[in-house]
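Visitor:
There are 2 protein chains.
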Amino acid sequence: MDLTAYLKSRQRLIDRALDRFLPKETAAPPTIHKAMRYSLFAGGKRLRPILCLAAAEGCRGKATAALPSACAMECIHTYSLVHDDLPSMDNDDFRRGRATCHKVFGDGIAVLAGDALLTVAFEIAARTRPTRRYSMAEILREIAVAAGSRKLIAGQVADLEAEGKKVSRDELRYIHENKTSAMITTSIRLGAMSANADAKKLRALTKFGYSLGLAFQVIDDILDVTQTTEKLGKSAGKDVAAQKATYPAVIGIDASRAEARRLTKNAQSALKIFGGEAEPLRELANYLLAREY
Amino acid sequence: MDLTAYLKSRQRLIDRALDRFLPKETAAPPTIHKAMRYSLFAGGKRLRPILCLAAAEGCRGKATAALPSACAMECIHTYSLVHDDLPSMDNDDFRRGRATCHKVFGDGIAVLAGDALLTVAFEIAARTRPTRRYSMAEILREIAVAAGSRKLIAGQVADLEAEGKKVSRDELRYIHENKTSAMITTSIRLGAMSANADAKKLRALTKFGYSLGLAFQVIDDILDVTQTTEKLGKSAGKDVAAQKATYPAVIGIDASRAEARRLTKNAQSALKIFGGEAEPLRELANYLLAREY
């Protein structure tokens, strides 16, 4: 399959849906809707929503049925970046190749824009059609738990608290599991749920998401060390400067690369109960690993 | 009826439910759960959840059926205060009689604690039982819209942008409608929805909530001018100091008092289709107006 064409067409589908689901830039008060859209349409890779759609198709469902969940997860991901970049958090001026939300709109509006993106995610999620196996309450709980204080936010707290300290490999794993892997796993699970996937398939995709999410973060850590700011679209070398807990810092670059390969292999083997319908998921996993080079 | 005893028993019911619905303080990572609970259990009046339960009973439903919605709204209200108090917003050190969340836990954790309270609100909302007339998707949308960028957050943005400027009475009304009245109206509507209220009752309670919410904010503005910090439990005179848009500033104290009375009367007359089952709602409206003296 032509992965580049696939990614492009998926990004377009998701961008159009996000544009439809979000209040217009001119809706009152314009400041907040400009700020929300500034961060949401900043050229993100749309990895989480693409995985969501691919998981739906991997379970022989329709991509369009997974669109509300996919867009909800992208809004949550974007809100977490907006808040993460604030001066009181990572204090980053540069994201996805341009000035961060608070640099353009001020700290107060950036806090509110993040809040609004998180809130609109649930409004968008309400558009999901429940299936025979998965009720709206279950879909809602799935999203809220992944984004909540025991997953995504737990990871951010642990990350914040680890700064400048020596962390163990286990502590680092905890941060990655919660900060990155949980949101990726849930994106994939929501896609499967939109396709009314049975328990066996949901379990397999949960394993796939877990390993893929960890692999993704390990590779991200490596890229922060090896790539330029220009290429990353965000400040390179920031992790080192902020004494962040990263794989290269804890186990070295070579061992990190081996770990990324091992995790990607685990992800691939979780997919073995699927046939050709999971080809996009397999290709996506290899594509993410290839970013390393 | 004995309103004091009623309020006390309702506060206890809500506090116990919130305690049950929230992760324990010891849940990992403890910092975030301590911060969430610090702000949530700071002795708030529980006005919004009490109104939610009273509306359920006003529609001959059970208070317990409205508890998840009621608690979700209280979590959202508390998150909005935590973020509103941040240095980049209102920069307030004092709330509900004690130091604000960021003064105790730092700005970064306060941002995350607010995020976590907003997120857990939706996890709690997922516990609501849909009724014949109102689906889970409708309940979810009701909450997300009230808390979103066209209501609660719109009011906060307009409030932020009005600081130090001369605002008209219409602009002030816009701020109050969105920042305060929308959340109060939705709390009441959710109570009615949990009781499967028909369209006529829901419409009447929506009118009641709108007027009551505006009256509440006008009175709050008056109290900021006339009361001491000790009595308010938050910094008094802050509105004047920050050149905030308030009713006393725009139309004077006496006209503000008349406006609060007029709005309360409107709220009361919206209840005339109800019998004795709406007595708590009537008493609550009078009680809120009486705070003026």
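Order-wise, the sequence lines are chains X and B. The first sequence stops at residue 292 when you use numbering that gives the first Met the number 0, and every number in between is there. The second sequence stops at residue 292 when you use numbering that gives the first Met the number 0, and every number in between is there. Where is the CB? At the ideal position from N, CA and C, for every residue including glycine. Quantities reported herein were computed from a predicted structural model and do not represent experimental measurements.
Would you kindly work out how many angstroms separate the C-alpha atoms of cysteine 58 of chain B and arginine 149 of chain B, rounded to a whole number?
Guide: 28 Å
Visitor: Spatial neighbours of isoleucine 142 of chain X within its chain, please: CB distance less than 8 Å, with the 5 preceding and 5 following residues excluded, ordered by chain position.
Guide: So the qualifying residues of the chain are Ser68, Ala71, Met72, Ile75, Ala120, Phe121, Ala124, Thr185 and Leu189.
Visitor: I want to verify the contact list: residues of chain B whose CB lies under 7 Å from the CB of phenylalanine 121 of chain X, in sequence order.
Guide: Phe121, Leu139 and Ala143
Visitor: In terms of residues, what are the limits of the alpha helix (DSSP H) holding tyrosine 78 of chain X?
Guide: 62–83
Visitor: Determine whether the beta carbon atoms of leucine 211 of chain X and isoleucine 174 of chain X lie at a separation below 8 Å.
Guide: no
Visitor: If you check the beta carbons only, do isoleucine 218 of chain X and leucine 288 of chain X fall under 8 Å apart?
Guide: yes
Visitor: Can glycine 154 of chain B and threonine 118 of chain X be called in contact, C-beta distance under 8 Å?
Guide: no
Visitor: Can you tell me whether DSSP reads alanine 295 of chain X as helix, strand or coil?
Guide: The structure shown has nothing for residue 295 of chain X, since chain X only spans 0 to 292.
Visitor: Rounded to the nearest angstrom, what separates alanine 53 of chain B and asparagine 265 of chain B at their Cα positions?
Guide: In this model, alanine 53 of chain B and asparagine 265 of chain B are separated by some 18 Å (Cα to Cα).
Visitor: Please go through the same chain and pick out, in chain order, the residues whose beta-carbon is closer than 6 Å to the beta-carbon of arginine 132 of chain X, but skip the five residues on each side of it.
Guide: Asn195
Visitor: Buried or exposed for asparagine 177 of chain B, please, with buried defined as at least 16 other CB atoms from any protein chain shown within 10 angstroms of its CB.
Guide: buried
Visitor: Quick check: is the beta carbon of tyrosine 292 of chain X nearer than 8 Å to any beta carbon in chain B?
Guide: Reliability of the predicted coordinates at tyrosine 292 of chain X is poor, the pLDDT of 48 falling under 50, and the value obtained from them is presented with this limitation in mind. For tyrosine 292 of chain X, the answer is no, since every Cβ of chain B falls outside 8 Å of its Cβ.
Visitor: My understanding is that valine 110 of chain B touches valine 110 of chain X, with C-beta atoms under 8 Å, so please give their C-beta distance in whole angstroms.
Guide: Indeed they touch by this definition, with Cβ atoms about 7 Å apart.
Visitor: Just to confirm, are alanine 112 of chain X and phenylalanine 104 of chain X a CB contact at a threshold of 8 Å?
Guide: For the 8 Å CB-CB criterion, alanine 112 of chain X and phenylalanine 104 of chain X form a contact.
Visitor: DSSP three-state call for phenylalanine 93 of chain X: helix, strand or coil?
Guide: strand
Visitor: Could you check how far apart the C-beta atoms of serine 180 of chain X and glutamine 216 of chain X are, in whole angstroms? I think they sit under 8 Å.
Guide: Right, their Cβ atoms sit about 7 Å apart.
Visitor: Taking one C-beta from the region 237–251 of chain B and one from the region 273–283 of chain B each time, how about it: are there three or more such pairs within less than 8 Å?
Guide: no
Visitor: Sort X:Arg19, X:Leu12, X:Thr99 and X:Leu39 by Cα distance to lysine 61 of chain X and report the nearest one.
Guide: Taking each of X:Arg19, X:Leu12, X:Thr99 and X:Leu39 in turn and checking the Cα distance to lysine 61 of chain X, the smallest one comes out for X:Leu12.
Visitor: Rounding to the nearest angstrom, what Cα-Cα distance links tyrosine 37 of chain B and glutamate 56 of chain X in this structure?
Guide: 44 Å
Visitor: Let's test the definition: count the other Cβ atoms within 10 Å of the Cβ of glutamate 258 of chain X and tell me whether it reaches 16, buried, or not, exposed.
Guide: buried
Visitor: Which residues in the same chain have their Cβ closer than 7 Å to the Cβ of arginine 97 of chain X, if we skip the five residues on either side of it in sequence?
Guide: Ala41
Visitor: Under 8 Å, CB to CB, which of the residues in the region 247–266 of chain X have a partner in chain B?
Guide: none
Visitor: Are the C-beta of serine 38 of chain X and some C-beta of chain B separated by less than 8 Å?
Guide: no
Visitor: Any idea if methionine 0 of chain X is buried or exposed, counting beta-carbon neighbours within 10 angstroms, 16 or more meaning buried?
Guide: Burial state of methionine 0 of chain X is exposed, judged by a 10 Å Cβ sphere holding fewer than 16 other Cβ atoms.
Visitor: Among residues of its own chain, excluding the 5 on either side of leucine 50 of chain B, which ones have a beta-carbon nearer than 6 Å to its beta-carbon?
Guide: Ser186 and Ile187
Visitor: In whole angstroms, what is the alpha-carbon distance linking isoleucine 108 of chain X and lysine 165 of chain X?
Guide: Cα-Cα distance, rounded: 34 Å.
Visitor: Let me confirm a value: alanine 158 of chain B is counted as buried when at least 16 other C-beta atoms fall within 10 Å, else exposed. Which label applies?
Guide: Correcting the residue type first, residue 158 of chain B is aspartate in the shown sequence and not alanine. Buried: at least 16 other Cβ atoms inside 10 Å.
Visitor: Whose CA, out of B:Thr77, B:Ala248 and B:Gly43, lies closest to the CA of leucine 151 of chain B?
Guide: B:Thr77
Visitor: Could you name the residues of chain B that glutamate 176 of chain X contacts, counting a contact when the two beta carbons are closer than 7 Å?
Guide: Simply none; closest approach about 12 Å.
Visitor: Does DSSP put arginine 202 of chain B in a helix, in a strand, or in coil?
Guide: Assignment of arginine 202 of chain B by DSSP, reduced to helix, strand and coil, places it in the helix class.
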